[in-house]
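Structure, as structure tokens:
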Amino acid sequence: MDKVKVTDAIGMVLCHDITEIVPGEFKGRAFKKGHVIQKEDVEKLLNIGKEHIYVWNLEDGYVHENDAALRMVKAAAGNGIYFTEVKEGKIELRANTKGVLKINVEALYDLNEVEEICFATIHGNKLVENDKLLGGARVIPLVVKEEILQRFEEICREKGPIIEVKPLYSSKIGVVTTGSEILKGRIQDKFLPVLKEKAKELDSEIIGQVLTGDEKEAITKAILDYIDKGVDMVMVTGGMSVDPDDCTPSGIAACGGEIITYGTPVLPGAMFMLSYVKGIPVVGLPGCVMYGKRTVFDLAVPRLLAKEKLTKRDFVKMSYGGQCQACPVCTYPDCGFGE
509 MDKVKVTDAI GMVLCHDITE IVPGEFKGRA FKKGHVIQKE DVEKLLNIGK
559 EHIYVWNLED GYVHENDAAL RMVKAAAGNG IYFTEVKEGK IELRANTKGV
609 LKINVEALYD LNEVEEICFA TIHGNKLVEN DKLLGGARVI PLVVKEEILQ
659 RFEEICREKG PIIEVKPLYS SKIGVVTTGS EILKGRIQDK FLPVLKEKAK
709 ELDSEIIGQV LTGDEKEAIT KAILDYIDKG VDMVMVTGGM SVDPDDCTPS
759 GIAACGGEII TYGTPVLPGA MFMLSYVKGI PVVGLPGCVM YGKRTVFDLA
809 VPRLLAKEKL TKRDFVKMSY GGQCQACPVC TYPDCGFGE
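Each residue of the sequence shown is one higher than the last, beginning at 509 in this note's numbering.
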């Protein structure tokens, strides 16, 4: 902090508020702490009796908070992000597309371990809408050392992007519905209307439904037929429990793909199954998807439709926050269950 003549302070950052008093008319702040002195400010400062002021000199290796915030978001943000105008040293990051929010959590922690840095986000791995507020950034003081920003930018170069939105892809989805009671018309299938609404929400389309009964071979054939037709995903409904006569999991397994998981630490949705057959995701959907407002479907399927290759570890991580709270007013996609 330096004491300088007002006439020499152009381009420097004010360290304190300056009050102006006009008897009988006005008393208040004329200049705010953190203001960068401009040429046109000099005359006014002299008129209110300020020949000397206390400033930070930005030429001495310091960066103003506004410039610092802009540099931070430019370094950290990946695709699908835009940022607002800097206001009082703070800048917001928002989604410029509908998609799945991805946060490099460990890198985010590394950034916030850097002295005088504040970079906050919402939880990731969730569906976000266009213009959704995703995070904010600023430095703690009014000016920050250049070396601190350089460290921030270095982490982003090494580990970034820190935050991005992966867009959803308009996908064609085939539905295979098992169960002899549905095939023979004893009961009406109520799963398909639910899936059509969910697909619409995810900018995708259900192109058809095949009823197979309970024969494993018929289930496998229907899945493979859809894949040969070029669908982007197959959803299999019915018979996902561990009962001996439920053939849906074995029918999926018989397709010869890579089984990622059968069972998840998510409630509702424990009996969810994911397999990749010829690179196409095949999901076995438990009955809760038909009647639950939000289930494992809403944690996993949007990520699949954003072309993310999920692993067993991804499902393990869903255990943290994987208990739906059944809120009276469901706030999904801002929920992410327990997050």
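Backbone N, C-alpha and C define an ideal beta-carbon position, used for all residues, glycine too.
Which one of V683, I714, C832, P701 has the shortest CA to CA distance from V774?
-> Indexing the sequence shown from 1 puts residue 774 at position 266. Per the C-alpha coordinates, the member of V683, I714, C832, P701 positioned closest to V774 is C832.
Per DSSP, which residues does P789 bridge with? Please list them.
-> What you label residue 789 is simply residue 281 of the sequence shown in a count that begins at 1. In the DSSP secondary-structure assignment, P789 is bridged to Y784.
What span of residues does the alpha helix (DSSP H) with I731 cover, start to end?
-> Within the sequence shown, numbered from 1, the residue matching residue 731 stands at position 223. I731 -> alpha helix (DSSP H) spans 724-736.
Since T605 contacts N638 with CB under 8 Å, what's their CB separation in whole angstroms?
-> Here residue 605 refers to the residue found at position 97 when the sequence shown is read from its first residue. Here residue 638 refers to the residue found at position 130 when the sequence shown is read from its first residue. Rounded, the Cβ-Cβ distance is 6 Å, consistent with contact.
Looking at C-alpha atoms only, which residue of E672, V647, I727 is the closest neighbour of L691?
-> Here residue 691 corresponds to residue number 183 of the sequence shown, with the count starting at 1. Comparing alpha-carbon positions, the option among E672, V647, I727 lying closest to L691 turns out to be I727.
Taking the C-alpha atoms as reference points, what is the distance between Q546 and F539?
-> Looking up residue 546 in the sequence shown gives position 38. Looking up residue 539 in the sequence shown gives position 31. Their Cα atoms are separated by approximately 11 Å.
Between the CA atoms of L609 and V651 - distance to the nearest angstrom | The residue you call residue 651 lines up with position 143 of the sequence shown. The residue you call residue 609 lines up with position 101 of the sequence shown. Taking the straight line from one Cα to the other gives about 31 Å.
Whole runs of the beta strand (DSSP E) within the segment 658-714, excluding any shorter than 3 residues = The qualifying runs are 671-675, 680-686.
DSSP-derived helix/strand/coil call for E479 = Given that the chain is displayed from residue 509 to residue 847, the structure contains no residue 479 and the question cannot be resolved.
A814 - DSSP class collapsed to helix/strand/coil = As a first step, residue 814 is located in the sequence shown; it is residue number 306 there, counting from the start. Under the three-state reduction of DSSP output, A814 falls in the coil class, being neither helix nor strand.
Distance, G777 Cα to V702 Cα | Here residue 702 refers to the residue found at position 194 of the sequence shown. Here residue 777 refers to the residue found at position 269 of the sequence shown. Rounded to whole angstroms, the separation of the alpha carbons of G777 and V702 is 15 Å.
Examine chain B for any beta-carbon lying closer than 9 Å to the beta-carbon of G586, and answer yes or no.
-> Absent here is chain B; the protein component of the structure consists of one chain.
Report yes or no: do the segment 708-727 and the segment 756-770 share at least 3 C-beta pairs separated by less than 8 Å?
-> Contact holds: three or more Cβ-Cβ distances are below 8 Å.
Nearest to I735 by alpha carbon, out of G747, M748, I715?
-> Numbered from 1 along the sequence shown, position 227 holds the residue referred to as residue 735. Comparing Cα-Cα distances from I735 to each of G747, M748, I715, the minimum goes to I715.
Out of D525, E533, A730, D549, point me to the one whose CA is closest to D516's CA.
-> Taking the first residue of the sequence shown as position 1, residue 516 is located at position 8. Residue nearest to D516 within the set D525, E533, A730, D549 is D549 (criterion: CA-CA distance).
Should V450 and L732 be called a contact, given that it needs their Cβ atoms to be closer than 9 Å?
-> Since the first residue of the chain shown is 509 and the last is 847, residue 450 is not available in this structure.
Which residue or residues does DSSP assign as beta-bridge partners of V650?
-> Counting from one through the sequence shown, the residue named residue 650 turns up at place 142. A small fix is needed here, since residue 650 is Leu in this sequence, not Val. Answer by DSSP bridge pairing: none, since L650 is not bridged.
At what residues does the beta strand (DSSP E) containing A628 begin and finish?
-> Residue 628 sits at position 120 when you count from the first residue of the sequence shown. Element bounds for A628: 625-629.
Measuring CB to CB, does L812 end up less than 9 Å from P789?
-> Residue mapping note: residue 812 aligns to position 304 of the sequence shown, counting from 1. Residue mapping note: residue 789 aligns to position 281 of the sequence shown, counting from 1. It is a contact, given that the beta carbons lie within the stated cut-off.
With a threshold of 16 other CB atoms inside 10 Å of the CB of P836, please say whether the residue is buried or exposed.
-> Position 328 of the sequence shown, counting from 1, holds the residue named residue 836. A residue is called buried once 16 or more other Cβ atoms fall within 10 Å of its Cβ, and P836, having fewer, is exposed.
Hey, quick one: how far does the alpha helix (DSSP H) through E551 stretch, first residue to last?
-> By 1-based counting over the sequence shown, the position of residue 551 is 43. In the DSSP annotation of this structure, the continuous segment of the alpha helix (DSSP H) that includes E551 starts and ends at 549-555.
Just the C-alpha distance for L635 and G519, rounded to the nearest angstrom, thanks.
-> Here residue 635 corresponds to residue number 127 of the sequence shown, with the count starting at 1. Here residue 519 corresponds to residue number 11 of the sequence shown, with the count starting at 1. Taking C-alpha positions only, L635 is separated from G519 by approximately 43 Å.
In terms of residue numbering, what span does the alpha helix (DSSP H) encompassing R602 cover?
-> Along the sequence shown, one-based indexing puts residue 602 at 94. Careful: R602 lies outside any alpha helix (DSSP H), inside the beta strand (DSSP E) at 599-603.
Does the ligand NAD have even one heavy atom less than 8 Å from the beta-carbon of K737?
-> The ligand content of the structure shown is nil, which means the ligand NAD is not present either.
A585 bridges to which residues according to DSSP?
-> Counted from its first residue, the sequence shown places residue 585 at position 77. Beta-bridge pairing by DSSP links A585 to I671.
Check A576 in the structure and name its three-state DSSP category.
-> Counted from its first residue, the sequence shown places residue 576 at position 68. Reduced to three states, the DSSP call for A576 is helix.
Does the distance from the CB of V594 to the CB of V563 come in under 9 Å?
-> Mapped onto the sequence shown, residue 594 falls at position 86. Mapped onto the sequence shown, residue 563 falls at position 55. For the 9 Å CB-CB criterion, V594 and V563 do not form a contact.
Kindly list the residues whose CB is nearer than 6 Å to the CB of P675, restricted to its own chain and excluding five residues on each side of it in sequence; keep chain order.
-> Here residue 675 corresponds to residue number 167 of the sequence shown, with the count starting at 1. Excluding residues up to 5 positions away in sequence, T605, G607 lie with their Cβ nearer than 6 Å to the Cβ of P675 in the same chain.
Which residue from A707, R646, G829, L554 puts its Cα closest to that of A584?
-> Here the question's residue 584 lines up with position 76 in the sequence shown. By alpha-carbon distance to A584, the top candidate from A707, R646, G829, L554 is R646.
Measure the alpha-carbon distance for G764 versus D754 and round it to whole angstroms.
-> For the purposes of this step, residue 764 is taken as residue 256 along the sequence shown, with counting starting at 1. For the purposes of this step, residue 754 is taken as residue 246 along the sequence shown, with counting starting at 1. C-alpha separation (whole angstroms): 19 Å.
Near C523, what residues of its chain come up, given a Cβ to Cβ distance below 7 Å and the 5 sequence neighbours on each side ignored?
-> Mapped onto the sequence shown, residue 523 falls at position 15. Beyond the five residues adjoining it in sequence on each side, C523 comes within less than 7 Å, by CB distance, of M509, K541, Y562, V563, W564 in the same chain, given in chain order.
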